[in-house]
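S.K.:
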């Protein structure tokens, strides 16, 4: 006689606006978010290593463009799988990511030099390309606000300070390299720590998402 093993009931969570459960799709979305963040962090770290090791090597300069492309794509996946209560903020970060990608494409087409060289020699190109890093900073800010992570608290002001300071010409080469190295290290720590974080915490309170969705639906029918 075969014995039927009872299936486990999904865990029920109590949210601010009612009960909710976490589905397999929810968990898969979090895993995609974390993997894409890790890919972005690895690409950023690899690009930083190439710049700090030998920024004058033609081969390294050429490699930076495809590395940046993978970084940008991975960041985009993160932005489409991250859980943010404020839909306006979520859409704003996605919009910044898209604008940054378009601006990067324009810069890459307009100048025959490798992308990294163009951006370094023309700091004001960051007025367009830099929107990608506005989106990345938004992720840092969200993670710092929700989880009180030290690395994201450091990264949130660091990114705009480095990029705006570079555009204004206030950083020496040594300062630039140090801040870039520090950014890459903290980004790596952030992505690594996400791997060991409980999945439900990244999903958040689904009852809030449901409530906000109901509010938007009610407003659209009025």
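In the numbering used here, the protein residues as written are 36 to 257.
Virtual Cβ for every residue (Gly too), placed ideally from N, Cα, C.
For clarity, every value in this text was computed on a predicted model and none was experimentally measured.
Just the C-alpha distance for residue 224 and residue 174, rounded to the nearest angstrom, thanks.
M.R.: Residue 224 and residue 174: Cα-Cα distance of roughly 14 Å.
S.K.: Is it buried or exposed, residue 171, if we count other Cβ atoms within 10 angstroms and call 16 or more buried?
M.R.: When all chains shown are included, residue 171 counts as buried.
S.K.: Going straight from the alpha carbon of residue 152 to that of residue 146, what length do you get?
M.R.: Computed Cα separation, rounded: 10 Å.
S.K.: Does the structure place the region 61-77 close enough to the region 108-118 that three or more beta carbon pairs sit under 8 Å?
M.R.: They touch, by the three-pair rule.
S.K.: Does residue 88 pass the burial test, meaning 16 or more other C-beta atoms within 10 Å, or should it be called exposed?
M.R.: It is exposed - the Cβ of residue 88 has fewer than 16 other Cβ atoms within 10 Å.
S.K.: Between which two residues does the alpha helix (DSSP H) holding residue 89 run?
M.R.: Its alpha helix (DSSP H) spans residues 59-89.
S.K.: Do the region 209-224 and the region 186-197 meet, that is, are 3 or more Cβ pairs less than 8 Å apart?
M.R.: Touching, per the Cβ criterion.
S.K.: To the nearest angstrom, how far is the alpha carbon of residue 236 from that of residue 178?
M.R.: Between residue 236 and residue 178, the C-alpha separation is close to 11 Å.
S.K.: Taking residue 189 as the reference, which of 168, 222, 163 and 167 has the closest Cα?
M.R.: Checked all of 168, 222, 163 and 167; the closest Cα to residue 189 is 222.
S.K.: Which partner residues of residue 56 appear in the DSSP bridge assignment?
M.R.: In DSSP, residue 56 forms a bridge with 47.
S.K.: Quick check for students: name the residue ranges of the alpha helix (DSSP H) that lie wholly in the region 138-169, counting only runs of 4 or more.
M.R.: The region 138-169 contains these whole alpha helix (DSSP H) runs: 150-156 and 161-164.
S.K.: Are the beta-carbon atoms of residue 103 and residue 150 separated by less than 8 Å?
M.R.: It is a contact, given that the beta carbons lie within the stated cut-off.
S.K.: Would residue 167 pass as a contact of residue 132 if the rule is Cβ separation under 8 Å?
M.R.: Yes. Within cutoff.
S.K.: Please return the same chain residues whose Cβ sits closer than 7 Å to the Cβ of residue 85, not counting the five positions on each side in sequence.
M.R.: Around residue 85: 95, 98 and 99.
S.K.: In this structure, does DSSP put residue 111 in helix, strand or coil?
M.R.: DSSP places residue 111 in helix when its eight states are reduced to three.
S.K.: Could you give the distance in angstroms between the alpha-carbon of residue 176 and the alpha-carbon of residue 191?
M.R.: Their Cα atoms are separated by approximately 6 Å.
S.K.: Is residue 125 helix, strand or coil by DSSP?
M.R.: The answer is helix: DSSP assigns residue 125 an H, G or I state.
S.K.: How many Å lie between residue 162 and residue 228 at the Cα?
M.R.: Each residue's Cα considered, the two are about 31 Å apart.
S.K.: Rounded to whole angstroms, what is the Cα-Cα separation between residue 193 and residue 187?
M.R.: Near 9 Å, if we compare the C-alpha coordinates of residue 187 and residue 193.
S.K.: Going by beta carbon distance, what residues of the same chain come within less than 7 Å of residue 180, once the five residues before and after it are set aside?
M.R.: Result list for residue 180: empty, nothing under 7 Å.
S.K.: Classify residue 91 as buried or exposed, calling it buried when 16 or more other Cβ atoms lie within 10 Å of its own Cβ.
M.R.: Classification of residue 91: exposed, given that the 10 Å Cβ count is below 16.
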